[in-house]
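What follows is a set of notes on a single structure, which appears directly below.
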Amino acid sequence: MTEVSLRSLVKRYGKTEALKGISLHVRHGEFVSLLGPSGCGKSTTLKCIAGFEEVSGGQILFDERDISRKLPEDRDIGMVFQSYALFPHMTVAQNLAFGLEMRRVPKVEIAERIARAMDMVQLSAHAERYPKALSGGQQQRVALARALVIEPAILLLDEPLANLDAKLRDEMRGFIRDLQKRVGITTLYVTHDQGEAMTMSDRVVVMFDGQIAQAASPEEIYDHPTSERVARFVGNANILDLAVSPRGDGQLDLVLPGGHLLRVERPACGAGGGMRVMARPEQIALTEPAAGQIGGRVAKRYFSGRHVEYHVETDVGPVVVVAPTTHAVREGEAVGLRFDPQRLWPVPSAEAPAEGRE
Ligand SMILES: Nc1ncnc2c1ncn2[C@@H]1O[C@H](COP(=O)(O)OP(=O)(O)OP(=O)(O)O)[C@@H](O)[C@H]1O
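Under UniProt numbering, the first residue of the sequence shown is numbered 1, with each subsequent residue one higher.
In structure tokens:
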């Protein structure tokens, strides 16, 4: 197993600075997702690690070895792309054998390793088929087997599920994660799908504009985003403009329009500057009007089968609440909203007014 360290990595394409000095440490056997909108530099990061792109500055280390200048074939990586990139004129077994033959692995061992890899991706019966005789999901499993059969130190996956339909994508998430755990291989996974990143990863790295905005566990990213932008990108977030007053004991007082006072933890990321308050839709309770900390009126109601989403007009602006389907509130009805101070999270905001305003 291998650790990966990126140190102040810079990549320029002409005048475009695709990576603006990113630093990241990926531990032995860790599954880390790079998540962000199109053009934020996810694929460029992976290509630099793989050696398909030359870095413009900074270092890439595998364990303590600086591999920034090594050729891709000398980096000991396995890679899977969005397009399956299997050789169409070769059978599945031949596709897997290719990388091993290049590495001059003895024939007997090649056969054993192919058999093991095919078993790992549960496709042993398909070894003699050609790629076109396989479904998209099966082809992607072959691509995984081909990446793993060379027993690389690191596995790099660039949007491997993007070409699959929604149901298959869900199945493949679990499949890839289980396989990665079994093999115990250090893995970097690129996706713009936050559901994928959250369900599969030990750690999620959120990137914007060639920089890392936050790197943390899925739970930490979801509950404690370090900026409004991360809060909005990962899951649904109500960002509320409330009067925020810092206290001496490391907490913050939030004052609601009706006068209710909520005391919340002051996040380390909010040391100075403006603050807004994040409330996740499923963490707000819908009540009778009199029982709410603030009042509102249901403007829209969307039933999704699993839950109901309410868009509520309130004194602090529109608030989205997700409630169980047992709630039966109609559009136009007056409601109350209750916030759990433990679940409210202040986020620094460039645009928000300074702390302490009334
Ligand atoms: N070969 C290239 N030549 C010039 N600019 C490039 C090249 N590859 C990437 N870029 C630019 O670098 C930036 C980062 O691109 P990158 O492909 O890493 O983004 P991404 O986050 O992977 O996006 P996507 O999800 O759309 O693939 C973008 O502004 C892109 O236009």
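Glycine is no exception: its CB is placed at the ideal position from the N, C-alpha and C atoms.
Please read these numbers as outputs of a predicted model, since none were measured by experiment.
Which of the three DSSP states, helix, strand or coil, is assigned to residue i?
i: VAL329; result: coil
i: residue 399; result: Within the shown structure, residues of the chain are numbered from 1 to 358, placing residue 399 beyond reach of any answer.
i: ARG27; result: coil
i: ILE67; result: coil
i: GLU288; result: coil
i: VAL230; result: helix
i: PRO246; result: strand
i: ARG343; result: helix
i: GLU53; result: coil
i: GLN283; result: helix
i: GLU220; result: helix
On the premise that residue j lies in contact with residue i, defined as a C-beta separation below 8 Å, what is that separation, rounded to the nearest angstrom?
i: LEU100; j: ILE150; result: 7 Å
i: GLY51; j: SER8; result: With a Cβ gap of about 18 Å, GLY51 and SER8 do not count as contacting.
i: GLU196; j: LEU144; result: With 8 Å as the limit, GLU196 and LEU144 do not qualify as a contact, their Cβ atoms being about 15 Å apart.
i: THR91; j: GLU128; result: 5 Å
i: VAL308; j: GLU331; result: VAL308 to GLU331, Cβ: 11 Å. No contact.
i: PHE31; j: TYR189; result: 7 Å
i: LEU179; j: MET120; result: 6 Å
i: LEU45; j: LEU34; result: Sequence inspection shows Thr at residue 45; the Leu mentioned does not correspond to that position. The Cβ separation is near 6 Å, so the contact holds.
i: residue 375; j: GLU54; result: Not covered by the structure: residue 375. The range shown for the chain is 1 to 358.
i: ASN95; j: ARG146; result: 6 Å
i: VAL347; j: GLU220; result: Not really, about 13 Å apart at Cβ, beyond 8 Å.
Could you name the residues of the same chain whose beta carbon sits closer than 8 Å to that of residue i, not counting the 5 residues immediately before and after it, in chain order?
i: SER124; result: ALA115, MET118
i: GLY296; result: VAL312, GLU313, THR314, ASP315, VAL319, ALA334, VAL335, GLY336, LEU337
i: PRO72; result: ALA50, GLY51, PHE52
i: PRO289; result: GLY295, ALA334, VAL335, GLY336
i: GLY21; result: SER8, LEU9, VAL10, GLY57, GLY58, GLN211
i: ARG343; result: ASP223, ALA279, ARG280, GLN283
i: MET1; result: HIS28, GLY29, ALA153, GLY184, ILE185, THR186
i: THR287; result: VAL335, GLY336, LEU337, ARG338
i: residue 363; result: Missing from the structure shown is residue 363; the chain here goes from 1 to 358 and no further.
For residue i, collect the residues of the same chain with a Cβ closer than 7 Å to its Cβ; drop the 5 residues on either side in sequence, then sort them by chain order.
i: ALA271; result: Only weak support exists for where ALA271 lies, its pLDDT of 47 falling under 50; the value from the coordinates is given anyway. Cβ neighbours of ALA271 beyond the five flanking positions: none.
i: THR199; result: ARG173
i: HIS224; result: PRO267, TRP345
i: ARG247; result: ASP253
i: PHE339; result: LEU262, ALA279, ILE284, GLN293
i: SER5; result: HIS25, LEU61
i: PRO341; result: LEU262, ARG263, VAL264
i: ARG203; result: GLU30, VAL32, ALA215, ALA216, SER217
I'd like to confirm something about residue i: is its beta-carbon nearer than 8 Å to some heavy atom of ligand 2, or not?
i: GLY210; result: Ligand 2 is absent from the structure shown, which contains only ligand 1.
By Cβ distance, which residues of its chain are closer than 6 Å to residue i, with the 5 residues on each side in sequence left out?
i: VAL230; result: VAL206, ALA213, GLN214
i: LEU157; result: VAL80, TYR189
i: ILE77; result: ALA50, PRO152, ILE154, LEU156
i: ALA291; result: GLY336
Under 9 Å, Cβ to Cβ, is there at least one residue of chain D near residue i?
i: GLN138; result: Although the question refers to chain D, the structure presented lacks it and comprises just one protein chain.
Minimum length 4: unbroken alpha helix (DSSP H) runs contained in the stretch 70–131: 92–102, 107–120
4-residue-minimum alpha helix (DSSP H) runs that sit fully inside the stretch 129–209, ordered along the chain: 136–149, 166–183, 194–200
Below 8 Å, how does it come out for the stretch 61–69 and the stretch 201–211: are there three or more Cβ pairs, yes or no? Between the stretch 61–69 and the stretch 201–211, the count of C-beta pairs closer than 8 Å stays below three; the two stretches do not touch.
Given 8 Å as the limit, is there contact between the stretch 37–50 and the stretch 95–114, that is, 3 or more CB pairs closer than that? no
Using 8 Å as the cut-off, can you tell me whether the stretch 231–238 makes contact with the stretch 275–284, which would need three or more C-beta pairs spanning the two stretches below that distance? yes
Tell me whether the stretch 301–310 and the stretch 256–270 touch, counting them as touching only if at least three CB pairs, one residue from each stretch, are closer than 8 Å. no
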